[in-house]
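A.B. asks: Just passing along the structure, written as C-alpha cells.
Number of protein chains: 2
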Amino acid sequence: MAFVTTAPVLAANDDIKATNFLLDNGMEVVVIPDNRAPIVTHMVWYKIGSADEPPGKSGIAHFVEHLMFKAATINHAAGEFDRAVAEIGGSHNAFTSQDYTAFYETVAPPALEQMMSFEADRMFNLSITDDDIKTERDVIIEERRSRIDNDPQAVLGEAVDATLWQNQPYRIPVIGWMQEMEKLDWTDARAFYDKYYTPNNAVLVVAGDVAPETVKALAEKTYGTVPAAPGLTRIRPVEPGQNTKRTVTLTDARVSVPNFSTHWVVPSYRTAERGEAEALDLLAEILGGGTRSRLYQQLVVKQGIAAEAGAHFEGTMLDASYFSIHGSPRGDAKLADIEAAVDAEIARIARDGVTSDELDKAKDRYVRSVIFAHDQQDSIASMYGSTLATGGNLKDVEERPDRIRKVTADQVKAVAARYLVSDHSTTGYLLPLLPNTEN
Amino acid sequence: MAFVTTAPVLAANDDIKATNFLLDNGMEVVVIPDNRAPIVTHMVWYKIGSADEPPGKSGIAHFVEHLMFKAATINHAAGEFDRAVAEIGGSHNAFTSQDYTAFYETVAPPALEQMMSFEADRMFNLSITDDDIKTERDVIIEERRSRIDNDPQAVLGEAVDATLWQNQPYRIPVIGWMQEMEKLDWTDARAFYDKYYTPNNAVLVVAGDVAPETVKALAEKTYGTVPAAPGLTRIRPVEPGQNTKRTVTLTDARVSVPNFSTHWVVPSYRTAERGEAEALDLLAEILGGGTRSRLYQQLVVKQGIAAEAGAHFEGTMLDASYFSIHGSPRGDAKLADIEAAVDAEIARIARDGVTSDELDKAKDRYVRSVIFAHDQQDSIASMYGSTLATGGNLKDVEERPDRIRKVTADQVKAVAARYLVSDHSTTGYLLPLLPNTEN
Numbered sequence: 012m013a014f015v016t017t018a019p020v021l022a023a024n025d026d027i028k029a030t031n032f033l034l035d036n037g038m039e040v041v042v043i044p045d046n047r048a049p050i051v052t053h054m055v056w057y058k059i060g061s062a063d064e065p066p067g068k069s070g071i072a073h074f075v076e077h078l079m080f081k082a083a084t085i086n087h088a089a090g091e092f093d094r095a096v097a098e099i100g101g102s103h104n105a106f107t108s109q110d111y112t113a114f115y116e117t118v119a120p121p122a123l124e125q126m127m128s129f130e131a132d133r134m135f136n137l138s139i140t141d142d143d144i145k146t147e148r149d150v151i152i153e154e155r156r157s158r159i160d161n162d163p164q165a166v167l168g169e170a171v172d173a174t175l176w177q178n179q180p181y182r183i184p185v186i187g188w189m190q191e192m193e194k195l196d197w198t199d200a201r202a203f204y205d206k207y208y209t210p211n212n213a214v215l216v217v218a219g220d221v222a223p224e225t226v227k228a229l230a231e232k233t234y235g236t237v238p239a240a241p242g243l244t245r246i247r248p249v250e251p252g253q254n255t256k257r258t259v260t261l262t263d264a265r266v267s268v269p270n271f272s273t274h275w276v277v278p279s280y281r282t283a284e285r286g287e288a289e290a291l292d293l294l295a296e297i298l299g300g301g302t303r304s305r306l307y308q309q310l311v312v313k314q315g316i317a318a319e320a321g322a323h324f325e326g327t328m329l330d331a332s333y334f335s336i337h338g339s340p341r342g343d344a345k346l347a348d349i350e351a352a353v354d355a356e357i358a359r360i361a362r363d364g365v366t367s368d369e370l371d372k373a374k375d376r377y378v379r380s381v382i383f384a385h386d387q388q389d390s391i392a393s394m395y396g397s398t399l400a401t402g403g404n405l406k407d408v409e410e411r412p413d414r415i416r417k418v419t420a421d422q423v424k425a426v427a428a429r430y431l432v433s434d435h436s437t438t439g440y441l442l443p444l445l446p447n448t449e450n
Numbered sequence: 012m013a014f015v016t017t018a019p020v021l022a023a024n025d026d027i028k029a030t031n032f033l034l035d036n037g038m039e040v041v042v043i044p045d046n047r048a049p050i051v052t053h054m055v056w057y058k059i060g061s062a063d064e065p066p067g068k069s070g071i072a073h074f075v076e077h078l079m080f081k082a083a084t085i086n087h088a089a090g091e092f093d094r095a096v097a098e099i100g101g102s103h104n105a106f107t108s109q110d111y112t113a114f115y116e117t118v119a120p121p122a123l124e125q126m127m128s129f130e131a132d133r134m135f136n137l138s139i140t141d142d143d144i145k146t147e148r149d150v151i152i153e154e155r156r157s158r159i160d161n162d163p164q165a166v167l168g169e170a171v172d173a174t175l176w177q178n179q180p181y182r183i184p185v186i187g188w189m190q191e192m193e194k195l196d197w198t199d200a201r202a203f204y205d206k207y208y209t210p211n212n213a214v215l216v217v218a219g220d221v222a223p224e225t226v227k228a229l230a231e232k233t234y235g236t237v238p239a240a241p242g243l244t245r246i247r248p249v250e251p252g253q254n255t256k257r258t259v260t261l262t263d264a265r266v267s268v269p270n271f272s273t274h275w276v277v278p279s280y281r282t283a284e285r286g287e288a289e290a291l292d293l294l295a296e297i298l299g300g301g302t303r304s305r306l307y308q309q310l311v312v313k314q315g316i317a318a319e320a321g322a323h324f325e326g327t328m329l330d331a332s333y334f335s336i337h338g339s340p341r342g343d344a345k346l347a348d349i350e351a352a353v354d355a356e357i358a359r360i361a362r363d364g365v366t367s368d369e370l371d372k373a374k375d376r377y378v379r380s381v382i383f384a385h386d387q388q389d390s391i392a393s394m395y396g397s398t399l400a401t402g403g404n405l406k407d408v409e410e411r412p413d414r415i416r417k418v419t420a421d422q423v424k425a426v427a428a429r430y431l432v433s434d435h436s437t438t439g440y441l442l443p444l445l446p447n448t449e450n
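Shown next as C-alpha cells:
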C-alpha cells in the first residue's frame with residue numbers, strides 16, 4: 012500500500028519467454044515460467060494512475076488502492092484477504108504510480124487459485140462504506156504528512172515536478188495535494204473504482220512454478236466471471252515544447268548539505284523514436300550510473316568537489332518522461348561548481364561523443380542489471396506488468412537487451428545533444444537555512 | 012475577438028447606481044444609467060473562461076468565442092450580425108479571459124432591441140459547420156503564432172504562469188497550447204457551446220441612455236425565450252501553498268534589454284479576507300503605481316539603475332490571483348541590482364509600513380482612476396460584468412471606493428509582510444543572447 016513515483020527498472024534477457032493470452036472479457040494474462048523455487052508471484056496491474064485522475068481529485072488513484080485493502084466485498088469481510096495471505100505464509104502489497112496501480116501476492120503455487128479468487132472478487136465486488144472513507148482518508152493524509160510535508164527533499168521534488176511538467180499530468184503528485192485529499196469522498200472513490208477497476212483495464216501477471224494452461228484455466232474460472240466495462244481511452248494532455256530554463260529553490264532549516272537535481276523532458280520508451288530511449292538509458296549509465304560513470308569519476312574522484320553525483324532516465328512511462336542529473340557538494344565546493352562541471356561533461360559528450368569502450372561497458376552493466384533483476388521473481392513480473400501497463404508488449408520486454416546492444420556511440424551523442432540543453436532544463440535546489448551563506 | 016489575460020480595472024464611485032434583476036430562465040440583468048450621450052453599451056458576460064476548459068482542450072473557450080462571430084445561426088446567415096452593426100454605425104467585439112467570455116456592442120439606443128435579438132439568437136441557435144471549424148481554427152492558430160510564439164516576452168509569460176500556478180488552471184494559456192489547439196474539433200466546440208452558452212450562465216449588462224423597465228421588457232422578449240440549461244457548478248482545482256522560490260529564464264536573440272517580473276500568489280477580491288484585496292490594491296499603487304510610486308522614485312529617479320519599474324495586483328479573479336513587480340535595467344546596471352533594490356523596498360514596507368501621507372495619496376489616485384473609468388461607458392459596464400462573472404455582486408462594485416478609503420496603513424504593511432515573501436516567489440527573466448554576458 013504505497014505510492015511510487017518511479018517505475019521499476021525495465022529489462023529482460025533471452026532466457027525468459029513469457030506467454031500471453033486474452034480472456035473473453037478483455038483481460039490480458041501473462042505467464043512467466045520460473046521453476047527455481049516453489050513460489051508464485053501473482054500480480055494485477057490496472058492501467059490507471061494518478062495522471063488519469065479528474066481535475067481537483069488528486070490522490071484518488073492511491074486512495075482507491077488503499078480502499079481495496081480496507082473495504083469488505085460482497086463475498087468477504089474486511090481483512091479476510093489479509094488473513095488468508097498471512098495464514099499461508101505469503102506476502103502481499105500494492106503500489107500506485109502516475110500510470111498504473113498494481114496489487115500482488117507471493118505464495119506457494121497451491122494457493123494461487125485462492126489469490127486469484129480474492130483479487131477477482133475485489134475487482135468487482137468492493138463494498139466501500141462511509142466509515143472506510145473516513146478511516147482510510149486519515150491514513151493517506153498522515154502518509155502525506157510523514158512522507159512529503161515533513162521531508163524538505165520531497166516537498167522540493169513535488170514543486171520540481173510541477174515546474175517541469177506545465178501541462179502533462181505528471182505535474183500532480185501521486186499521493187495528491189493535501190487540500191484535495193481532504194475532500195475526497197465516497198462518490199469520488201466509487202466512481203473511480205467503478206470506471207477503472209475492470210478486467211479489460213487490467214493485466215494479470217503470474218510468474219513462478221506454474222504452467223500457462225493451469226493459469227489459463229484458473230483465470231477463466233476467477234477473473235473470467237467479471238464482466239467487461241465500456242472501453243476506456245487513455246487521452247492525456249501533452250507537454251508543450253520547453254523554451255525556458257527553470258529553477259526551484261527550497262531553503263529549509265532541516266537541510267544540512269545542499270544538493271541539486273536537473274531535469275529535462277525526454278521521450279519514454281513508448282513515445283520515443285526507435286533507439287532513442289535505449290540511447291538515453293545508456294547515456295544515463297555512462298554519465299551517471301554508479302561509481303564507474305563520468306560524473307562520479309570526474310566530480311567525486313578526480314576533482315573531489317562532490318559528495319555524490321549521478322544520472323537517471325525514467326523510461327517506462329506512458330507519456331513523455333524525464334532525464335535527471337543530481338549532485339551534492341563536498342567540503343568548500345559550491346553547488347555552482349558542481350553544476351559547471353556537470354555542464355562541461357554534458358557538453359563534452361554532445362561534442363565528442365562517447366568511446367566504444369565505455370559504451371560496451373555501459374551495455375554490459377545494463378544487461379547485467381537485467382540478469383540480476385531476473386533473479387527476483389517479483390522484479391521480472393514487474394518488468395512485464397509495468398511495460399504492458401504503459402503501452403508496451405512482450406517483445407518490448409524480451410528484445411530490450413538486444414536493442415540496448417545495438418545502440419551506437421553516435422546515437423548516445425545525438426540524444427545528449429538533442430535533449431540535455433541547459434536553456435531548456437528545470438533544476439531543483441535544496442539549501443540549508445544559514446545566515447550569509449552562498450551556495 | 013481577442014483573448015485577454017488580465018481583467019479590466021475594477022472600481023466605481025457613489026454616483027453610479029445600477030439596478031439588477033433575474034429573468035425567469037435565470038439570466039441576470041444589470042442596467043447602468045448613463046444619460047450623457049445617446050449611446051448604449053450592450054454586453055453579455057458568460058461565466059466561462061479558459062480555466063474552465065476540460066483537460067487537453069486548452070483554447071476551446073477562446074475558439075468558441077471566435078465561432079460565435081463566424082458561424083451562422085438558425086435565424087441568421089453568417090456575417091449578418093456584423094453587417095447589421097456596421098450599417099447602423101455601431102461597434103462590437105468580444106474577449107475571453109481565464110474566468111469569463113464577453114460579447115459587446117455599442118450602438119444608438121433605438122438599435123438596442125436588435126442587438127439583444129441577435130445576441131439572444133446566437134446564445135442558443137449557433138450552427139457550427141465543419142468549414143467554420145477549419146477556417147477559424149487556422150485563425151486562432153495564426154493568432155497564437157503572431158501574438159505568442161513570435162514574442163519572447165509572451166512565451167516567457169506563459170512559462171511563468173505555468174510555473175506560478177502548479178495546480179490552479181490559471182496555469183493554462185487563454186489562447187491554448189498549440190498542440191492542443193491544432194486538435195480542437197467540431198465535437199469539442201459543440202459540447203462547450205451547448206454546456207456553457209446558456210442564459211443561467213450569463214450576465215447581461217446594459218449601460219447607457221435607457222430606462223431599466225425598457226431593458227427588462229426587451230430582455231424578456233429576447234433572452235427570455237432561451238431555455239435554461241442544467242445548473243452549472245464551477246469547481247476549480249485549488250493551488251497548494253507555495254514553499255519554494257522559482258525562476259524561469261528565456262534567453263533570446265530578439266531581446267535587446269533584459270527585464271524581470273516577480274509574481275506572488277495572493278488572494279483575489281473574491282477569495283480574500285475582508286480588506287486584504289483592497290490593501291493589496293493600495294500596496295501595488297504605493298509600491299509601483301506610476302511615477303509617484305516608491306519603486307519608480309527609488310530605482311528610476313534616485314538610483315538611476317532602472318529604465319522602468321512597477322507593480323500590479325490583479326484583483327478581479329474567481330480564484331486566487333497574483334501580485335507582480337517588474338523592472339528593467341538602465342545603463343550598466345544589472346538585473347540583480349534592481350532585484351536587490353526591490354527586495355529592500357519590500358522589506359522596508361513589511362518592517363516600517365507606509366506613511367499616512369502616501370496612503371492618502373494612493374487612495375486618491377485609486378479613486379480618481381475609478382472616476383476616470385466612469386467616463387467611458389464600456390469601462391463602467393465592464394466593471395460590473397467582470398465582478399459579477401467572478402462571483403461578486405453590485406455592492407462589491409459600488410462600495411469599492413469606500414472600502415478602499417477605509418484601508419489602514421497597518422493593513423498595507425500586513426499584506427506586504429504576509430504575501431511578498433522572496434522565498435515563495437516566481438520570477439521570470441527575459442535575457443538577450445549575448446556572448447559572455449552577465450545579467
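Heads up: the protein sequence lines correspond to chains Y and G, in order. Start counting the first sequence at 12; every next residue gets the next number (my numbering). Start counting the second sequence at 12; every next residue gets the next number (my numbering). For glycine and all other residues, C-beta sits at the position ideal for the given N, C-alpha and C.
(1) Could you check where the alpha helix (DSSP H) with residue 278(G) kicks off and where it finishes?
(2) Looking at chain G, which residues of the stretch 184-196 of chain Y have a Cβ within less than 8 Å of any of its Cβ atoms?
(3) Does chain G have any CB closer than 7 Å to the CB of residue 256(Y)?
(4) Is the beta carbon of residue 256(Y) less than 7 Å from the beta carbon of residue 436(Y)?
(5) Beta carbons nearer than 8 Å to chain G: which residues of the stretch 237-248 of chain Y have them?
(6) So, is residue 387(Y) buried or exposed, given that buried needs 16 or more other C-beta atoms within 10 angstroms?
(7) Could you check the C-alpha separation between residue 402(G) and residue 131(G) for me, to the nearest Å?
(8) Hey, quick one: how far does the beta strand (DSSP E) through residue 168(G) stretch, first residue to last?
(9) Nearest to residue 86(Y) by alpha carbon, out of 101(Y), 36(Y), 42(Y), 134(Y)?
(10) From the DSSP output, in three-state form, read off residue 440(Y) for me.
(11) Helix, strand or coil for residue 303(G) per DSSP?
(12) Tell me whether residue 139(G) counts as near the ligand MG, meaning its Cβ is closer than 6 Å to at least one heavy atom of that ligand.
(13) Kindly provide the ranges of any beta strand (DSSP E) runs that are 3 or more residues long and lie completely inside the stretch 48-126 of chain Y, ordered along the chain.
(14) Tell me, please, whether the stretch 109-123 of chain G touches the stretch 397-411 of chain G by the rule of three or more beta-carbon pairs shorter than 8 Å.
(15) Would the beta-carbon of residue 365(G) fall within 7 Å of that of residue 423(G)?
(16) List the DSSP bridge partners of residue 138(Y).
(17) How would you call residue 205(Y), buried or exposed, if buried means at least 16 neighbouring beta carbons within 10 angstroms?
(18) Taking only beta-carbon atoms, is residue 461(G) less than 7 Å away from chain Y?
(19) Output the distance between the C-alpha atoms of residue 178(Y) and residue 173(G), rounded to the nearest integer angstrom.
(20) Indicate whether residue 320(Y) and residue 306(Y) have their beta-carbon atoms separated by less than 7 Å.
(21) Which of helix, strand or coil does DSSP assign to residue 263(Y)?
(22) Following the continuous beta strand (DSSP E) through residue 39(Y), name the residue where it begins and the one where it ends.
(23) For the stretch 255-289 of chain Y, enumerate the residues whose C-beta is nearer than 8 Å to any C-beta of chain G, in chain order.
(24) When the cut-off is 7 Å and only beta carbons count, does residue 200(G) lie next to chain Y?
(25) With 7 Å as the threshold, decide whether the Cβ of residue 44(Y) is near any Cβ in chain G.
(26) Could you check the C-alpha separation between residue 404(Y) and residue 431(Y) for me, to the nearest Å?
(27) Starting from residue 234(Y), trace the beta strand (DSSP E) both ways and give me its first and last residue.
(28) Looking at residue 335(G): is its Cβ nearer than 7 Å to the Cβ of residue 274(G)?
(29) Closest to residue 310(Y) by C-alpha separation, out of 353(Y), 167(Y), 287(Y), 106(Y), would be which residue?
(30) Within 8 Å, do at least three Cβ pairs link the stretch 45-60 of chain Y to the stretch 157-170 of chain Y?
(31) Cutting at 6 Å between CB atoms, please list the residues of its own chain near residue 262(G), excluding the five before and the five after it.
(32) Quick check on this structure: which residue in 291(Y), 122(Y), 201(Y), 118(Y) has the alpha carbon closest to the alpha carbon of residue 76(Y)?
(33) Can you give me the C-alpha to C-alpha distance between residue 55(Y) and residue 208(Y), rounded to a whole angstrom?
(34) Mind checking the stretch 158-179 of chain G against chain Y and listing, in chain order, the residues whose C-beta falls within less than 7 Å of any C-beta there?
(35) Let me make sure I understand the geometry here. Which of 217(G), 224(G), 298(G) has the alpha-carbon closest to that of residue 11(G)?
(36) Check residue 338(Y) in the structure and name its three-state DSSP category.
C.D. replies: So, from the listed chains and residues:
(1) Residue 278(G) -> no alpha helix (DSSP H), and no H or E assigned at all.
(2) For the stretch 184-196 of chain Y, the set of positions with a beta-carbon nearer than 8 Å to some beta-carbon of chain G reads 188, 189, 190, 191 in chain order.
(3) It does; some Cβ of chain G falls within 7 Å.
(4) A Cβ-Cβ contact shorter than 7 Å links residue 256(Y) with residue 436(Y).
(5) Only those residues of the stretch 237-248 of chain Y whose C-beta falls short of 8 Å from the nearest C-beta of chain G are listed: 246, 247, 248.
(6) Exposed, since its Cβ has fewer than 16 Cβ neighbours within 10 Å.
(7) Distance from the CA of residue 402(G) to the CA of residue 131(G), rounded to the nearest whole angstrom, comes to 23 Å.
(8) Counting along the chain, no beta strand (DSSP E) covers residue 168(G); the unbroken alpha helix (DSSP H) around it starts and ends at 163-175.
(9) With distances taken between Cα atoms, residue 86(Y) lies closest to 134(Y).
(10) If DSSP states are grouped into helix, strand and coil, residue 440(Y) belongs with the strands.
(11) In the structure shown, the three-state DSSP call for residue 303(G) is coil.
(12) This structure lacks the ligand MG, and indeed carries no ligand of any kind.
(13) Runs found: 51-57, 102-107, 112-118.
(14) They touch, by the three-pair rule.
(15) At the C-beta level, residue 365(G) and residue 423(G) come within 7 Å of one another.
(16) Beta-bridge pairing by DSSP links residue 138(Y) to 83(Y).
(17) Exposed: under 16 other Cβ atoms inside 10 Å.
(18) Only positions 12 to 450 of chain G appear in the structure, and residue 461(G) is not among them; the question remains open.
(19) One C-alpha to the other measures close to 8 Å.
(20) Contact: yes.
(21) The answer is strand: DSSP assigns residue 263(Y) an E or B state.
(22) Unbroken beta strand (DSSP E) run through residue 39(Y): 39-44.
(23) Taking 8 Å as the cut-off between beta carbons, the residues of the stretch 255-289 of chain Y near chain G are 255, 256, 257, 258, 259, 260, 261, 262, in sequence order.
(24) No - not a single Cβ of chain Y is within 7 Å of the one on residue 200(G).
(25) When Cβ-Cβ separations below 7 Å define contact, residue 44(Y) makes no contact with chain G.
(26) The alpha-carbon atoms of residue 404(Y) and residue 431(Y) are separated by roughly 29 Å.
(27) Neither: residue 234(Y) is in no beta strand (DSSP E) and is coded neither H nor E.
(28) A contact, by the Cβ cut-off of 7 Å.
(29) Checked all of 353(Y), 167(Y), 287(Y), 106(Y); the closest Cα to residue 310(Y) is 353(Y).
(30) Per the Cβ contact rule, the stretch 157-170 of chain Y is not in contact with the stretch 45-60 of chain Y (fewer than 3 Cβ pairs under 8 Å).
(31) So the list reads 442, 444, once near-sequence residues are dropped.
(32) The shortest C-alpha separation from residue 76(Y) is found at 201(Y).
(33) If you draw a straight line from the Cα of residue 55(Y) to the Cα of residue 208(Y), it comes to about 10 Å.
(34) Along the stretch 158-179 of chain G, going in chain order, the ones with a CB nearer than 7 Å to a CB of chain Y are 166, 167, 170, 173, 174, 177, 178.
(35) Outside the shown range of chain G (12 to 450) lies residue 11(G), about which nothing can therefore be said.
(36) Strand at residue 338(Y).
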